[in-house]
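Chemist: Residue numbers (full-length UniProt numbering), protein chains in the order written: chain A, 1 to 448; chain B, 1 to 332.
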Amino acid sequence: MPARARRAAAALAATASLALFATACTGSATNTASDDPKAETTLTFWHGWTAPSEVKAIEENVARFTKAHPNIKVKVVGNINDDKLGQALRAGGSNGPDVVASFTTANVGKFCHTGALADLKPFIEKDKLDLDAIFPKVLQDYTQFEGKRCTLPLLSDAYGLYYNKDAFKAAGLDPEAPPKTWSEFTEVAKKLTKAKGDSYERLGFMPNYLGYETVVSHYMSQWGHGGYFGADGKSTVGTDPAFAEMMTYQKSLVDALGGFQKLDKYRTTFGDEWGAKHPFQTGQVAMQLDGEWRLNFIKEAKVPFEVGVAPLPVADDEVAEYGKGYLSGTIMGIAPQSKKQNAAWELVKYMTTDTEAVVSFANAIGNVPSTLEALKSPDLKFDERFRTFLDIARHPKSTTSDGAVNGSAYQDTLQKFAQQYEKGQVTDLKKGLADTAAQIDRDIAAAK
Amino acid sequence: MSTDTLPATEAAAPAASAPGARNTLRAKRRRNALRTLAFMSPWLIGFGFFFAYPLVSTVYFSLMKYDGLNPPEWRGLDNWTYVFTSFPQFWPALQNTLWLCVVMVSCRVVFGLGIGLLITKIKTGAGVFRTLFYLPYLAPPVAATLAFVFLLNPGTGPVNSLLEALGLPAPAWFNDAAWAKPALTVLAVWGVGDLMVIFMAALLDVPKEQYEAAELDGAGPWQRFRHITLPNISPIILFALVTGVIGAMQYYTQPIVASKVASGVMGGSGVTFVPGYPDDSTLTLPQLVYSLGFSQFNYGAACVIALVLFAFSMAFTALLMRRRGGLIGSGD
Chain A
1 MPARARRAAA ALAATASLAL FATACTGSAT NTASDDPKAE TTLTFWHGWT APSEVKAIEE
61 NVARFTKAHP NIKVKVVGNI NDDKLGQALR AGGSNGPDVV ASFTTANVGK FCHTGALADL
121 KPFIEKDKLD LDAIFPKVLQ DYTQFEGKRC TLPLLSDAYG LYYNKDAFKA AGLDPEAPPK
181 TWSEFTEVAK KLTKAKGDSY ERLGFMPNYL GYETVVSHYM SQWGHGGYFG ADGKSTVGTD
241 PAFAEMMTYQ KSLVDALGGF QKLDKYRTTF GDEWGAKHPF QTGQVAMQLD GEWRLNFIKE
301 AKVPFEVGVA PLPVADDEVA EYGKGYLSGT IMGIAPQSKK QNAAWELVKY MTTDTEAVVS
361 FANAIGNVPS TLEALKSPDL KFDERFRTFL DIARHPKSTT SDGAVNGSAY QDTLQKFAQQ
421 YEKGQVTDLK KGLADTAAQI DRDIAAAK
Chain B
1 MSTDTLPATE AAAPAASAPG ARNTLRAKRR RNALRTLAFM SPWLIGFGFF FAYPLVSTVY
61 FSLMKYDGLN PPEWRGLDNW TYVFTSFPQF WPALQNTLWL CVVMVSCRVV FGLGIGLLIT
121 KIKTGAGVFR TLFYLPYLAP PVAATLAFVF LLNPGTGPVN SLLEALGLPA PAWFNDAAWA
181 KPALTVLAVW GVGDLMVIFM AALLDVPKEQ YEAAELDGAG PWQRFRHITL PNISPIILFA
241 LVTGVIGAMQ YYTQPIVASK VASGVMGGSG VTFVPGYPDD STLTLPQLVY SLGFSQFNYG
301 AACVIALVLF AFSMAFTALL MRRRGGLIGS GD
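1. For chain A, is any of its Cβ atoms less than 7 angstroms away from the one on alanine 318 (chain B)?
2. For a contact meaning CB atoms closer than 8 angstroms, what does proline 154 (chain B) contact in chain A?
3. Assign glutamate 201 (chain A) to one of two classes, buried (16 or more other C-beta atoms within 10 Å of its C-beta) or exposed (fewer than that).
4. When DSSP labels each residue in this structure, what does proline 153 (chain A) get in the three-state scheme?
5. If we require 3 or more residues per run, which beta strand (DSSP E) segments fall completely within the region 243-314 of chain B?
6. Report the rounded CA-to-CA distance for valine 271 (chain B) versus glycine 424 (chain A), giving the unit in angstroms.
7. Between residue 484 (chain A) and valine 188 (chain A), what straight-line distance do the alpha-carbon atoms span, to the nearest angstrom?
8. Would you list, in chain order, the members of the region 280-309 of chain A that have their beta-carbon closer than 7 angstroms to a beta-carbon of chain B?
9. Determine the closest residue to residue 478 (chain A) out of A:Gly308, A:Lys191, A:Asn367, with distance taken between C-alpha atoms.
10. Residues in its own chain within less than 7 angstroms of lysine 448 (chain A) by CB, not counting five upstream and five downstream?
11. Less than 7 angstroms separating the beta-carbons of glutamate 292 (chain A) and alanine 158 (chain A)?
12. Using a Cβ-Cβ distance cut-off of 7 angstroms, determine whether glutamine 95 (chain B) contacts chain A.
13. Threshold first: 3 residues or longer. Then list the beta strand (DSSP E) segments lying entirely within the region 333-420 of chain A, N to C.
14. If I measure Cβ to Cβ from isoleucine 298 (chain A) and keep anything under 7 angstroms in the same chain, skipping five residues before and after, which residues do I get?
15. Could you check how far apart the C-beta atoms of serine 57 (chain B) and tryptophan 80 (chain B) are, in whole angstroms? I think they sit under 8 angstroms.
16. Terminal residues of the continuous alpha helix (DSSP H) containing glutamate 300 (chain A)?
17. Which value, in whole angstroms, describes the spacing of the CA atoms of alanine 170 (chain A) and proline 178 (chain A)?
18. Give, in chain order, every residue of the region 387-417 of chain A whose Cβ lies closer than 9 angstroms to some Cβ of chain B.
19. Is there a Cβ of chain A sitting closer than 7 angstroms to that of tyrosine 82 (chain B), yes or no?
20. Please identify, using Cβ separations under 7 angstroms, the residues of the region 300-315 of chain B that lie next to chain A, in order along the chain.
21. Indicate whether phenylalanine 297 (chain B) and lysine 84 (chain A) have their beta-carbon atoms separated by less than 7 angstroms.
22. For threonine 115 (chain B), which residues of its own chain have a beta-carbon under 6 angstroms away from its beta-carbon, when the five flanking residues on both sides are left out?
23. In whole angstroms, give me the CA-to-CA distance for glutamate 217 (chain B) and glutamate 209 (chain B).
24. Going by alpha carbons, who is nearest to residue 369 (chain B) out of B:Tyr277, B:Ala183, B:Gln250, B:Asp279?
25. Grab me the residues of valine 245 (chain B)'s own chain with a C-beta within less than 8 angstroms of its C-beta, minus the 5 sequence neighbours each way, in chain order.
26. Please work out which residues of its chain come closer than 7 angstroms, Cβ to Cβ, to isoleucine 256 (chain B), disregarding the five sequence neighbours upstream and downstream, and give them in chain order.
27. Is DSSP giving aspartate 272 (chain A) helix, strand or coil here?
28. By alpha-carbon positions, which one of A:Asp290, A:Val314, A:Gly283 ends up nearest to tyrosine 162 (chain A)?
29. Looking at chain B, which residues of the region 199-219 of chain A have a Cβ within less than 7 angstroms of any of its Cβ atoms?
30. For a contact defined as C-beta to C-beta under 9 angstroms, what are the partners of valine 102 (chain B) on chain A?
31. Could you compute how far the alpha carbon of proline 311 (chain A) sits from the alpha carbon of valine 304 (chain B)?
32. What did DSSP end up calling alanine 219 (chain B) once you bin it into helix, strand or coil?
33. State the DSSP-derived secondary structure class of residue 360 (chain B), mapped to helix, strand or coil.
34. Pull up the DSSP beta-bridge partners for serine 235 (chain A), would you.
35. Quick one, are the C-beta atoms of aspartate 127 (chain A) and phenylalanine 305 (chain A) less than 7 angstroms apart?
36. With a threshold of 7 angstroms between beta carbons, is phenylalanine 90 (chain B) in contact with chain A?
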């Protein structure tokens with residue numbers, strides 16, 4: 001068995017061996033890029049896409065860049081998660097990446113605070129980029145942390161509601177009138193649910209926090225809240241009533257649809273989120289909280305029913321804000337150890353700000369464009385349903401999850417508490433949320 | 001004791017006087033010592049680089065705030081108090097690790113020995129069975145875990161369909177906090193081929209005369225096993241226990257893969273995977289080292305947990321070695 005636990009051993013060994021490089025990786029925070037971006041060079045670019053069509057799209061985008069900058073070759077490496085990224089950024093070295101892209105906007109705080117990604121300010125100033133004129137405000141916010149800009153947005157994601165129009169018709173519901181408030185949503189979800197034995201033939205909606213995109217942060221954008229941290233930097237999950245309201249509602253939805261145990265067992269019959277057997281695509285669930293990219297997946301899977309999209313419902317007393325949603329996206333930055341930072345900046349600048357690049361990539365990958373110019377571009381090729389996501393992305397009340405010095409750890413803590421609450425393991429919600437807030441504060445204090 | 005004194009003493013040797021002879025002798029000893037050290041040096045260098053230095057620096061970094069990028073800052077015992085008093089995942093992970101050390105390791109030893117015994121007794125087709133039981137050990141841990149999550153899936157898995165058809169209770173396995181560790185144990189027992197082979201070798205080494213003599217004295221199968229087989233193979237049992245405990249201390253891949261697949265969280269934008277699903281039941285200490293160090297950039301706290309692991313594996317091994325006297329027969 002020791003041989004089988006190689007990864008753990010490697011982790012321990014790496015922890016230890018990092019000590020060896022402790023002196024080698026310090027003091028890299030200052031920007032001393034001196035390479036000539038016009039010289040012949042090869043960049044290494046790491047990204048996280050895995051689906052074949054997405055990988056192809058990013059390669060085409062890079063090919064467009066190479067055409068515009070023939071002196072810069074780009075080596076593209078896919079399927080990179082944030083942990084791998086973090087390790088490479090700390091280790092440095094010539095085999096590491098020069099340019100990186102990540103999906104976890106909540107990790108920007110960690111990357112900027114520690115200097116794991118290079119400060120982009122000198123590059124932006126050198127090229128006199130006016131970010132306010134290029135990017136929407138939410139996107140500018142989630143790509144910097146406490147005034148330090150270490151990433152730029154590369155396409156964004158907006159979350160909405162997908163629903164099975166055929167199932168709506170079968171259940172006697174109007175397929176053109178998706179629910180707008182959460183209490184309407186509960187009723188619709190119940191009507192769409194068809195039992196089969198002690199399980200389901202079809203479930204109206206899978207409310208559980210586990211599995212796919214129904215995580216706390218995505219739900220939370222539909223309840224007006226003032227962010228995850230107050231002005232003093234302390235967690236607000238115990239004091240902002242929106243968090244308790246959301247969790248109370250989610251639990252009531254779980255109970256209304258059959259209870260946690262029954263739902264969770266049904267969940268284990270679902271296919272993979274990124275595969276063709278996604279439960280929404282197979283008709284196992286009739287409504288799905290998901291990002292705009294699902295449209296492409298639905299087209300590829302050729303689902304046998306009509307799909308409608310709408311913004312997610314809002315809290316009953318926030319009807320005026322209907323249309324908002326959760327925003328996130330891919331972020332792009334430069335490795336501070338890279339010896340080719342000026343060339344790396346050319347790639348980052350091209351991919352994040354060049355309208356043609358952003359539009360073509362958004363078309364190919366089915367994501368929301370990230371620049372104001374691209375959002376207006378007539379070259380955007382979308383089906384009508386995509387407009388819904390563009391509107392969510394533009395909605396002034398749409399939110400995202402904040403960054404923190406320990407990255408997404410605070411989201412994990414909150415998510416874990418939420419899971420205990422939906423299962424009924426915790427009954428005192430108020431106290432639980434206060435404890436969770438205290439825990440988040442302690443974790444951040446320990447990481448600061 | 002520098003080497004350049006050696007030629008000088010050697011040059012003095014032919015003088016053949018009494019102190020000169022002593023000098024020669026001393027020089028010889030010194031040369032022998034140096035030669036020994038030279039022969040040992042690969043090990044010494046390895047020990048220094050891969051054990052002593054990392055251990056000392058782990059202790060050093062456990063007292064620092066260190067993110068792997070910026071210079072470490074002195075924090076005293078802050079990381080230690082954080083891990084022990086306000087890091088809620090620490091205690092469940094420690095309990096799980098101890099559970100695995102006790103239950104999973106003993107199950108593996110019992111099954112490894114049991115199958116080894118059965119196969120040494122089989123007259124025909126022993127080779128086929130040996131291969132059959134050894135094969136699972138060769139499966140890569142990720143693939144094996146994926147297969148088990150599929151087999152033990154509470155909704156669609158064949159195991160539960162069978163249990164339900166037989167009217168037996170069908171647990172949710174990797175989706176139930178009470179059954180997740182037993183499910184991992186089943187997986188570990190399935191891959192017991194390595195131990196089986198070692199036990200078979202040990203069992204075939206037990207002198208036949210002892211069994212014959214015992215049979216003449218009227219000893220039954222259990223008495224023969226208890227008084228002849230066990231004492232003879234006890235060093236191998238000790239070996240299996242010690243390596244098993246060290247393996248359990250490093251248990252990482254299987255629980256991470258199982259909880260990731262069973263929870264359905266493969267990660268999209270804004271979605272992160274929280275290890276330990278369900279309810280921290282598959283959390284192990286190496287996972288915490290990984291998530292604190294590599295995901296949260298908090299090396300100081302990760303070092304604390306690494307040291308706790310180190311202390312526990314030392315203590316477990318020392319305990320088992322002390323019991324050696326009882327385990328290994330007096331004739332050994």
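Idealized CB from N, CA, C, for every residue including glycine.
Computed from a predicted model, the values in this text were never measured in an experiment.
Modeler: Taking the structure as given:
1. no
2. Lys265, Thr268
3. exposed
4. strand
5. none
6. 23 angstroms
7. Residue numbering for chain A in the displayed model covers 1 to 448; residue 484 (chain A) lies beyond these limits and cannot be assessed.
8. Gly291
9. Because chain A in this structure spans residues 1 to 448, residue 478 (chain A) falls outside the shown range and cannot be described.
10. Val405
11. yes
12. no
13. none
14. Gln281, Val307
15. Actually they do not touch by this definition, with Cβ atoms about 16 angstroms apart.
16. 294-301
17. 14 angstroms
18. Thr400, Ser401, Val405, Asn406, Gly407, Ser408, Ala409, Gln411, Asp412, Thr413, Gln415, Lys416
19. yes
20. Ala301, Ala302, Cys303, Ala306
21. no
22. The residue you asked about is not threonine; residue 115 (chain B) is isoleucine in the sequence shown. If we look at isoleucine 115 (chain B) and ignore the five residues flanking it on each side, its Cβ neighbours are Phe133, Met196.
23. With the sequence shown as reference, residue 217 (chain B) is identified as aspartate, and glutamate is not the correct amino acid for it. Rounded to the nearest angstrom, the two C-alpha atoms are 12 angstroms apart.
24. Because residue 369 (chain B) is not part of the residues shown, which for chain B are 1 to 332, the question remains open.
25. Cys101, Val105, Ser313, Phe316, Thr317, Leu320
26. Pro275, Gln287
27. coil
28. A:Asp290
29. Leu210, Gly211, Tyr212, Glu213, Val215, Ser217, His218
30. The premise fails here: valine 102 (chain B) is roughly 15 angstroms from chain A at the closest Cβ pair, so nothing lies under 9 angstroms.
31. 46 angstroms
32. coil
33. Given that chain B is displayed from residue 1 to residue 332, the structure contains no residue 360 (chain B) and the question cannot be resolved.
34. A:Phe229
35. no
36. no
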